[in-house]
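Asks: Residues 1 to 152 in full-length UniProt numbering are what the sequence shown lists, from first letter to last. Glycine is no exception: its CB is placed at the ideal position from the N, C-alpha and C atoms. Everything numeric in this text was worked out from a predicted model, so none of it was measured.
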Amino acid sequence: METLETTAVVRRRMSRQKSRNTGVEVALRKLLHGSGLRYRIHRRPVKGVRREADIVFGPARVAVFVDGCFWHGCPEHATWPRNNADFWRKKIEGNRSRDLDTDARLAIAGWLSVRIWEHEDPVEAAERVISTVAMRRDALGVSARSGRGRAI
């Protein structure tokens, strides 16, 4: 049997999987923007850390990651493929390890990571992000209109 990473059909299917601007990400961003928060999307929060957050609140030092249940091994919804199981287990476990490493690196740099699972209710996720950003603003003494006159 041909391995998964070399199967043309699988390669084509996987290339069509969105990694940016997923429905969950867009819904969350709309709710955050509607609440008055301003942010950057698809940015590296910290120079030298080659990890990109989905939503970045710079002055508040909050990085939001919207994680897919399959790709990041959601404890509630992840499924383990039967075909080429070893490859997928290594891939997903590697993603989990990288997520933990990313959170640790950002914490060392003074940032707070917020992880949102794709299955989470967007309204509840937005409320969690809003309260986290407000808490960080207070803790860091950052105003809502910090830097270049933009709201964060």
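In whole angstroms, what separates the C-alpha of R128 from that of G141?
Replies: The residue given as residue 128 occupies position 128 in the sequence shown. The residue given as residue 141 occupies position 141 in the sequence shown. Approximately 20 Å, taken between the alpha carbons.
Asks: Quick one: give me the first and last residue of the alpha helix (DSSP H) that H42 is part of.
Replies: In the sequence shown, the residue the question calls residue 42 occupies position 42. Premise fails: H42 lies in the beta strand (DSSP E), R40 to R43, not in any alpha helix (DSSP H).
Asks: What residue range is occupied by the uninterrupted beta strand (DSSP E) comprising A53?
Replies: In the sequence shown, residue 53 corresponds to position 53, counting from 1. A53 to F57 is the extent of the beta strand (DSSP E) around A53.
Asks: Kindly give me the distance between the Cβ atoms of G73 and E118, rounded to whole angstroms, as I take these residues to be in contact under 8 Å.
Replies: One-based indexing of the sequence shown puts residue 73 at position 73. One-based indexing of the sequence shown puts residue 118 at position 118. Incorrect: roughly 12 Å between the Cβ atoms, too far for contact.
Asks: Answer with buried or exposed for V114, where buried requires no fewer than 16 other C-beta atoms within 10 angstroms of its C-beta.
Replies: Start at 1 with the first residue of the sequence shown, and residue 114 comes out as number 114. Classification of V114: buried, given that the 10 Å Cβ count is 16 or more.
Asks: Using three-state DSSP, classify S97 as helix, strand or coil.
Replies: In the sequence shown, counting from the first residue as 1, residue 97 sits at position 97. If DSSP states are grouped into helix, strand and coil, S97 belongs with the helices.
Asks: Which whole-angstrom value is the C-beta distance of L106 and V56, which I expect to be below 8 Å?
Replies: The sequence position of residue 106 within the sequence shown is 106, counting from 1. The sequence position of residue 56 within the sequence shown is 56, counting from 1. That belief does not hold up - the Cβ atoms of L106 and V56 are roughly 10 Å apart, past 8 Å.
Asks: In angstroms with no decimal places, state the Cα-to-Cα distance between A63 and N84.
Replies: On the sequence shown, position 63 is the one that residue 63 refers to. On the sequence shown, position 84 is the one that residue 84 refers to. C-alpha separation (whole angstroms): 33 Å.
Asks: Report yes if the C-beta distance between P45 and A53 is below 7 Å; otherwise report no.
Replies: By 1-based counting over the sequence shown, the position of residue 45 is 45. By 1-based counting over the sequence shown, the position of residue 53 is 53. Cβ atoms of P45 and A53: closer than 7 Å.
Asks: Between L28, D103 and T7, which has its C-alpha nearest R61's C-alpha?
Replies: Here residue 61 refers to the residue found at position 61 when the sequence shown is read from its first residue. Of the candidates L28, D103 and T7, the one whose C-alpha sits nearest the C-alpha of R61 is D103.
Asks: Please state whether DSSP places F87 in a helix, a strand or coil.
Replies: For the purposes of this step, residue 87 is identified with residue 87 of the sequence shown, where counting begins at 1. Three-state DSSP puts F87 in a helix.
Asks: Tell me whether the beta-carbon of E124 lies closer than 7 Å to the beta-carbon of V66.
Replies: Counted from its first residue, the sequence shown places residue 124 at position 124. Counted from its first residue, the sequence shown places residue 66 at position 66. The answer is no: Cβ separation not under 7 Å.
Asks: Mapping the DSSP letters down to three states, classify D115 as helix, strand or coil.
Replies: On the sequence shown, position 115 is the one that residue 115 refers to. The identity of residue 115 in the sequence shown is Arg, whereas the question assumes Asp. In the structure shown, R115 sits in a strand (DSSP, three-state: E or B).
Asks: Using a 10 Å radius around the Cβ and a threshold of 16 neighbouring Cβ atoms, would you call E93 buried or exposed?
Replies: Numbered from its first residue, the sequence shown carries residue 93 at position 93. Exposed is the call here.
Asks: Indicate the three-state DSSP secondary structure (helix, strand or coil) for A63 in the structure shown.
Replies: Mapped onto the sequence shown, residue 63 falls at position 63. DSSP places A63 in strand when its eight states are reduced to three.
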